[in-house]
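In what follows, a structure is listed as structure tokens, so that the remarks can point back to it.
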Amino acid sequence: MDVIRKIGHNEIVEITTPVLITWNDGKSRLCGDFRALNNYTKADRYPIPRIPHSLDKMEKVKYITKMDCMKCFHQNGVKPNTMKLLRIICHMGIYEYNRIPFVIKNEPAHFQRMMDTIFQEEILEGWMVVYFDEIIIYSVTWEDHVQYIDRVLSKCTPINLKISLKKCDFGQQELLALGHKVSGISLAIDQNKIAAVLQKPVPRNIKYMQYFLGFASYYRNHIKDFSHITSSLYKLCSKDVVFEITKERRDAYERIKYELTNSPVLFLPDF
1 MDVIRKIGHN
11 EIVEITTPVL
21 ITWNDGKSRL
31 CGDFRALNNY
41 TKADRYPIPR
51 IPHSLDKMEK
61 VKYITKMDCM
71 KCFHQNGVKP
81 NTMKLLRIIC
91 HMGIYEYNRI
101 PFVIKNEPAH
111 FQRMMDTIFQ
121 EEILEGWMVV
131 YFDEIIIYSV
141 TWEDHVQYID
151 RVLSKCTPIN
161 LKISLKKCDF
171 GQQELLALGH
181 KVSGISLAID
191 QNKIAAVLQK
201 PVPRNIKYMQ
211 YFLGFASYYR
221 NHIKDFSHIT
231 SSLYKLCSKD
241 VVFEITKERR
251 DAYERIKYEL
261 TNSPVLFLPD
271 F
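Heads up: the sequence shown begins at 1 in full-length UniProt numbering, then just goes up one per residue.
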């Protein structure tokens with residue numbers, strides 16, 4: 001994708017330390033430490049689709065397809081006048097990004113806006129959901145489904161929007177999407193998404209407790225009495241409250257972990 005280019009030795013540059021991140025597939029991705037740049041960047045408040053609402057749209061469908069954009073953020077180019085802000089250094093020299101790195105503050109909002117614009121017609125017609133790099137197509141009939149897939153791919157080709165074939169599932173009656181196992185009649189938690197979080201010990205500070213509660217709240221519809229169980233944990237995140245893990249709070253934390261791994265499958269009511 002021509003993500004970075006090397007800078008000449010005679011050019012005066014401001015640089016940042018590169019950071020190597022390992023993905024789930026074992027491969028490495030190079031990105032810079034752009035925390036200082038992000039601190040001075042004005043936040044883009046573009047609305048992100050609500051996942052529960054997106055999942056509700058797939059009620060009573062028979063066929064679902066999931067497509068995943070390949071290295072989604074790298075598919076967006078960088079304006080020439082901002083490239084100098086995205087420079088990194090390593091033992092091979094100094095480089096600058098031609099494509100947006102994964103750690104830039106407003107890139108998620110920018111990418112969502114781009115995808116919503118590209119597929120505005122399809123989204124409004126009510127057979128497609130876009131959540132960042134995840135494209136989900138759903139239909140009642142197979143004939144419509146094939147037509148919808150063709151329409152989406154026909155839009156991707158002329159703008160060079162790349163799709164990762166190995167991450168795609170075509171024409172399934174049940175698949176993993178948006179952190180769930182989804183079908184037209186049921187909804188379950190994707191256990192692959194929660195495994196890493198459940199292996200961690202009780203959070204030792206507010207930051208990690210907030211992260212855990214936010215993660216667990218994402219699946220609150222699968223946990224009976226979620227608000228009651230987590231009330232003592234939410235109190236820990238309040239101002240002027242001493243962060244102390246009591247037995248009650250530890251039990252609440254372990255209860256939520258248990259409920260996540262033993263959560264019920266939700267079914268649509270058959271009226």
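We put the beta carbon where it would ideally sit given N, CA and C, even for glycine.
Subject >> K181 vs E134 beta-carbon contact at 8 Å >> reply: Translated into positions along the sequence shown, residue 181 becomes position 181. Translated into positions along the sequence shown, residue 134 becomes position 134. Going by C-beta atoms, K181 is not nearer than 8 Å to E134.
Original post:
Does the separation of the CB atoms of F111 and F132 fall below 8 Å?
Top reply: Residue mapping note: residue 111 aligns to position 111 of the sequence shown, counting from 1. Residue mapping note: residue 132 aligns to position 132 of the sequence shown, counting from 1. Between F111 and F132, the gap from beta carbon to beta carbon is short of 8 Å.
**OP:** Please determine if the segment 155-169 and the segment 181-191 are in contact, where contact requires at least 3 C-beta pairs separated by less than 8 Å.
**Re:** When C-beta atoms of the segment 155-169 are compared with those of the segment 181-191, fewer than three pairs fall below 8 Å, so the two segments do not count as touching.
**OP:** Return the chain-ordered list of same chain residues with a C-beta closer than 7 Å to the C-beta of W127, the five sequence neighbours on each side being excluded.
**Re:** Translated into the one-based positions of the sequence shown, residue 127 becomes position 127. The residues are I137, Y138, S139 and Y148.
Subject >> Delimiting residues of the beta strand (DSSP E) encompassing D150 >> reply: Walking along the sequence shown from the start, residue 150 turns up at place 150. D150: not part of any beta strand (DSSP E); member of the alpha helix (DSSP H) spanning W142 to C156, first to last residue.
**OP:** Tell me, to the nearest whole angstrom, how far the beta carbon of F215 is from that of V197; I am working on the premise that it is less than 8 Å.
**Re:** What you label residue 215 is simply residue 215 of the sequence shown in a count that begins at 1. What you label residue 197 is simply residue 197 of the sequence shown in a count that begins at 1. Going by Cβ atoms, the distance from F215 to V197 rounds to 6 Å, so yes, they are a contact pair.
**OP:** Closer than 7 Å by C-beta to Y46: which residues in its own chain qualify, once you throw out the five before and the five after it? Chain order, please.
**Re:** Locating residue 46 in the sequence shown gives position 46, where the first residue counts as 1. Same-chain partners within the cutoff: A109, Q112 and R113.
**OP:** Tell me whether Y138 sits in a helix, a strand or coil according to DSSP, three-state version.
**Re:** Residue mapping note: residue 138 aligns to position 138 of the sequence shown, counting from 1. Y138: strand per DSSP, three-state reduction.
Subject >> Start-to-end residues for the alpha helix (DSSP H) that takes in E121 >> reply: As a first step, residue 121 must be located in the sequence shown, where it is residue number 121. First-last of the alpha helix (DSSP H) with E121: Q120 to E125.
**OP:** Leaving out five residues on either side along the sequence, give the residues of the same chain with a beta carbon under 8 Å from the beta carbon of N38.
**Re:** Your numbering for residue 38 matches position 38 in the sequence shown. Closer than 8 Å at the Cβ level, and outside the excluded window around N38, lie V103, I104 and K105.
Original post:
What number of angstroms, rounded off, separates the C-alpha of L175 from the C-alpha of Y63?
Top reply: Taking the sequence shown and counting its residues from 1, the one referred to as residue 175 is at position 175. Taking the sequence shown and counting its residues from 1, the one referred to as residue 63 is at position 63. If you take the alpha carbons of L175 and Y63, they lie about 10 Å apart.
Original post:
Which one of E96, M92, K71 and H91 has the shortest CA to CA distance from K84?
Top reply: To locate residue 84, count along the sequence shown from 1; it is residue 84. Nearest of E96, M92, K71 and H91 to K84, Cα basis: E96.
Subject >> Same chain, Cβ closer than 7 Å to N160, five either side skipped, listed in chain order >> reply: Numbered from its first residue, the sequence shown carries residue 160 at position 160. When the five nearest sequence neighbours on each side are left out, no beta carbon in the same chain lies closer than 7 Å to the beta carbon of N160.
**OP:** Could you pull out every unbroken alpha helix (DSSP H) segment of at least 4 residues lying fully inside the segment 38-78, listed in chain order?
**Re:** 51-56, all fully within the segment 38-78.
**OP:** Pick out whichever of P49, I89, S164 and Q172 has its Cα sitting closest to the Cα of D116.
**Re:** Here residue 116 corresponds to residue number 116 of the sequence shown, with the count starting at 1. Ranking the options by Cα distance to D116, first place goes to P49.
Original post:
Got a sec? Which residues, its chain only, sit under 7 Å from G55 by beta carbon, not counting five neighbours each side?
Top reply: Working through the sequence shown from its first residue, we reach residue 55 at position 55. The sequence shown places Leu at residue 55, rather than the Gly named in the question. Contacts found: L178, H180, V182 and L187.
**OP:** With distances taken Cα to Cα, identify the nearest neighbour of K247 among Y219, V202 and M92.
**Re:** Walking along the sequence shown from the start, residue 247 turns up at place 247. Nearest to K247 by C-alpha distance, out of Y219, V202 and M92, is V202.
Subject >> Member of E59, Q210 and V19 whose CA lies at the smallest distance from the CA of P269 >> reply: Start at 1 with the first residue of the sequence shown, and residue 269 comes out as number 269. That would be E59, whose Cα lies nearest to the Cα of P269.
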